[in-house]
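Peer 1: For reference, the structure I am asking about is given below.
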Amino acid sequence: MPVTQSTPPSEAEEAVRAALDHFAGVPETRLHALAGTRPAELAPTVPHPVYTLGLSDLTAAGAGLGTTQATGWRYLLRQDDQVVASAETVADQAGRALFSHFNSGPFVASTAAALSTAEGLAETQEGSYELRLLHVPALYAMALWLHGDAGDLLIPLAPAPEGIEANRAYPADELLGELAERGRQIPALAPDDTRGA
């Protein structure tokens with residue numbers, strides 16, 4: 240059974256399309272994440288919800304995917320059958336989807352690679368898994384999250400934190416345990432610390 244995609248709220252794709260329409264009229268020198276693309280021709284594909292896991296939740300005893308926060312939707316943007324960027328939305332206080340940003344960094348290409356890996360797993364051939372994205376900002380880590388009735392799998396996106404293999408399917412508890420160990424090595428900052436975090 241293939242990996243399934245949730246249906247995003249209609250305003251999420253509308254927000255992405257409106258942003259693409261806007262950037263179609265922006266000079267090439269100001270496109271930044273969309274540089275080298277033709278924004279009017281980009282197609283939003285593979286919608287998947289984004290879940291964020293904060294450092295304190297990650298490192299707490301008994302932490303798991305149940306402590307994540309749904310933060311928006313992400314689309315892969317295709318041009319000429321190539322994934323060239325991603326677009327994300329966030330929810331406002333009323334729960335409406337608003338355009339957040341475009342990205343063309345390394346997590347875009349690694350998402351496409353992880354999707355290919357996910358489709359070839361024995362688990363996805365035998366069971367049903369919903370596609371999600373897990374973001375752990377404190378560790379600059381992202382993983383494709385395959386949410387299934389039989390358990391959850393996480394496929395870290397490249398670049399992955401040191402010691403974690405990108406594009407490999409991990410049982411969720413195993414990868415979260417490894418990420419939590421790395422998270423515990425981040426020094427705590429006092430409220431008046433001026434170094435930032």
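240 is the number of the first residue of the sequence shown in my numbering; add one for each residue after it.
All C-beta atoms, glycine included, are put in the ideal place defined by N, C-alpha and C.
(1) In whole angstroms, give me the CA-to-CA distance for Asp-450 and Leu-337.
(2) Rank Val-285, Glu-253, Glu-417 and Leu-415 by C-alpha distance to the C-alpha of Leu-354 and give the top, closest one.
(3) Is it the case that the stretch 377 to 393 contacts the stretch 410 to 423, given that we only count it when at least three CB pairs across the two stretches are under 8 angstroms?
(4) Write down every uninterrupted run of the alpha helix (DSSP H) in the stretch 280 to 362 whose length is 4 residues or greater and which is fully enclosed by it, in chain order.
(5) State the DSSP-derived secondary structure class of Asp-391, mapped to helix, strand or coil.
(6) Check Arg-407 in the structure and name its three-state DSSP category.
(7) Whose CA, out of Leu-415, Thr-306, Arg-277 and Ala-361, lies closest to the CA of Ala-241?
(8) Exposed or buried, Tyr-290, counting other C-beta atoms within 10 Å across all chains shown (16 or more means buried)?
Peer 2: Short version:
(1) Residue 450 lies beyond the stretch modelled for the chain, which goes from 240 to 436, so this question has no answer here.
(2) The shortest C-alpha separation from Leu-354 is found at Val-285.
(3) Result yes; three or more Cβ-Cβ pairs closer than 8 angstroms.
(4) For the stretch 280 to 362, whole alpha helix (DSSP H) runs of length 4 or above, ordered along the chain, are 294 to 298 and 345 to 359.
(5) Asp-391 sits in a strand when the DSSP states are folded into three classes.
(6) Annotated three-state conformation of Arg-407 is coil, per DSSP.
(7) Looking at the sequence itself, residue 241 is Pro, so the reference to Ala does not match. For the residues Leu-415, Thr-306, Arg-277 and Ala-361, the minimum Cα distance to Pro-241 belongs to Ala-361.
(8) Here Tyr-290 is buried: its Cβ has 16 or more other Cβ atoms, across all protein chains shown, within 10 Å.
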